[in-house]
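Peer 1: Submitted below is the structure of interest, expressed as structure tokens.
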Amino acid sequence: MWWWQVYPVQQQLLQVNDTAQGAATVWMASPELENYERRLQQLLDTSPVQPLETGMQMMRVADSRWPESLQQQQASTQWNEALKTRAQSSPQLRGWLQTRQDLHAFADLVMQREKEGLTLSYIKNVIWQAERGLGQETPVESLLTQYQDARAQKQNTDALEKQINERLEGVLSRWLLLKNNVMPEAATGTTAEK
Numbered sequence: 001m002w003w004w005q006v007y008p009v010q011q012q013l014l015q016v017n018d019t020a021q022g023a024a025t026v027w028m029a030s031p032e033l034e035n036y037e038r039r040l041q042q043l044l045d046t047s048p049v050q051p052l053e054t055g056m057q058m059m060r061v062a063d064s065r066w067p068e069s070l071q072q073q074q075a076s077t078q079w080n081e082a083l084k085t086r087a088q089s090s091p092q093l094r095g096w097l098q099t100r101q102d103l104h105a106f107a108d109l110v111m112q113r114e115k116e117g118l119t120l121s122y123i124k125n126v127i128w129q130a131e132r133g134l135g136q137e138t139p140v141e142s143l144l145t146q147y148q149d150a151r152a153q154k155q156n157t158d159a160l161e162k163q164i165n166e167r168l169e170g171v172l173s174r175w176l177l178l179k180n181n182v183m184p185e186a187a188t189g190t191t192a193e194k
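For the sequence shown, UniProt numbering assigns the number 1 to the initial residue and increments by one for each residue that follows.
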């Protein structure tokens with residue numbers, strides 16, 4: 001082989017190694033202990049949405065290269081429809097947000113009535129406990145709805161985006177562990193087993 005034949009392959013391999021998934025795939029084909037830990041860390045540091053983002057980039061490239069191609073148009077349409085179908089299966093939980101707001105308003109009303117001489121401490125405590133329970137963990141679907149609303153109102157979404165990514169990483173990691181029968185210690189209170 002000549003250098004001009006090998007050089008493009010080397011360049012492609014470097015590009016593949018630049019992505020966490022690509023580097024892991026190359027590692028699987030040729031495992032090396034020296035870079036094992038680094039490859040695992042790269043995978044942990046990668047956004048769980050990365051494969052979908054790569055798909056969107058592929059779609060843009062294909063559209064710019066082959067805008068008239070029926071094959072490209074059909075594949076892009078199928079991709080978009082699949083994403084929309086997945087997204088529709090994720091509830092927005094507006095009822096959850098409304099319930100939380102209603103409980104807070106009701107707790108304020110009970111406090112007002114108590115100051116007027118009417119004691120409703122039992123109801124107040126129940127409401128506060130419910131509100132506290134709702135406030136401990138905001139469902140990721142609710143965070144997505146808050147993000148959607150903030151974007152529509154042209155508000156800064158950096159903090160929400162960080163929180164959503166962290167929650168999605170947690171959910172995906174937990175899901176992977178559950179699928180593989182490896183329960184996190186905090187979830188079971190026992191040592192993880194496979």
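Here a beta-carbon is modelled for each residue, glycine too, at the ideal position from N, C-alpha and C.
1. In the structure shown, what three-state DSSP assignment does Asn-180 receive?
2. Look at the alpha carbon of Leu-176 and the alpha carbon of Pro-139, and state the distance between them as a whole number of angstroms.
3. Beta-carbon within less than 8 angstroms of Thr-99's beta-carbon, same chain only, minus the 5 sequence neighbours each way: which residues are those?
4. In three-state terms, what does DSSP make of Pro-48?
5. Which whole-angstrom value describes the C-beta separation of Ile-127 and Ala-107, a residue pair presumed to lie in contact below a C-beta threshold of 8 angstroms?
6. With distances taken from CA atoms, which of Lys-124, Val-171, Leu-178, Arg-94 is nearest Gln-148?
7. Apply the 10 Å Cβ neighbour rule to Val-110 and answer buried if 16 or more other Cβ atoms are within range, or exposed otherwise.
8. May I ask which residues mark the beginning and end of the alpha helix (DSSP H) holding residue 212?
9. As a quick exercise: from Ser-142, Ala-130, Ala-24, Ser-121, pick the residue whose alpha carbon is nearest that of Glu-37.
10. Can Gln-148 be considered in contact with the ligand GTP, in the sense that its beta carbon sits closer than 7 angstroms to one or more heavy atoms?
11. Measure the alpha-carbon distance for Gly-170 versus Arg-113 and round it to whole angstroms.
12. Compare the Cα-Cα distances from Ala-29 to each of Glu-141, Gln-42, Leu-13 and report the closest residue.
13. Considering only the beta carbon of each residue, do Ser-142 and Leu-97 sit closer than 8 angstroms?
14. I believe Glu-131 touches Leu-103 by the beta-carbon criterion, under 8 angstroms. Please report the beta-carbon distance rounded to the nearest angstrom.
15. Can the beta-carbon of Ala-20 be found closer than 8 angstroms to that of Leu-43?
16. Pick helix, strand or coil for Trp-66, following the three-state DSSP scheme.
17. Within the same chain, show all residues whose beta-carbon is closer than 8 angstroms to that of Gln-163, passing over the 5 residues directly before and after it, in chain order.
18. Output needed for Ser-121: all residues of its chain with C-beta closer than 8 angstroms, excluding positions within five of it in sequence on either side, in chain order.
19. Is Gln-153 helix, strand or coil when you go by DSSP?
20. In the DSSP assignment, find the unbroken alpha helix (DSSP H) run with Glu-137 in it and report its ends.
Peer 2: Considering the structure as presented:
1. Residue state, collapsed to three classes: coil.
2. Approximately 19 angstroms, taken between the alpha carbons.
3. Hits under 8 angstroms: Leu-134.
4. DSSP places Pro-48 outside both helix and strand once states are collapsed to three, so it counts as coil.
5. With a Cβ gap of about 5 angstroms, Ile-127 and Ala-107 count as contacting.
6. With respect to the C-alpha of Gln-148, the residue from Lys-124, Val-171, Leu-178, Arg-94 having the closest C-alpha is Arg-94.
7. By the Cβ-count criterion, Val-110 is buried, with 16 or more other Cβ atoms from all chains shown falling within 10 Å of its own Cβ.
8. The structure shown does not extend to residue 212, since the chain is modelled only from 1 through 194, so no value can be given for it.
9. Nearest of Ser-142, Ala-130, Ala-24, Ser-121 to Glu-37, Cα basis: Ala-24.
10. Absent from the structure shown: the ligand GTP. Ligands present: none.
11. C-alpha separation (whole angstroms): 42 angstroms.
12. Ala-29 has its Cα closest to that of Leu-13, out of Glu-141, Gln-42, Leu-13.
13. Contact: yes.
14. Their Cβ separation, rounded to whole angstroms, is 5 angstroms, which keeps Glu-131 and Leu-103 in contact under 8 angstroms.
15. Ala-20 places its beta carbon less than 8 angstroms from that of Leu-43.
16. DSSP places Trp-66 in coil when its eight states are reduced to three.
17. Annotation for Gln-163: Leu-143 place their beta carbon closer than 8 angstroms to its own, counting only its chain and skipping 5 residues before and after.
18. Here the set comprises Glu-114.
19. For Gln-153, the three-state secondary structure derived from DSSP is coil.
20. Element bounds for Glu-137: n/a, residue is neither H nor E.
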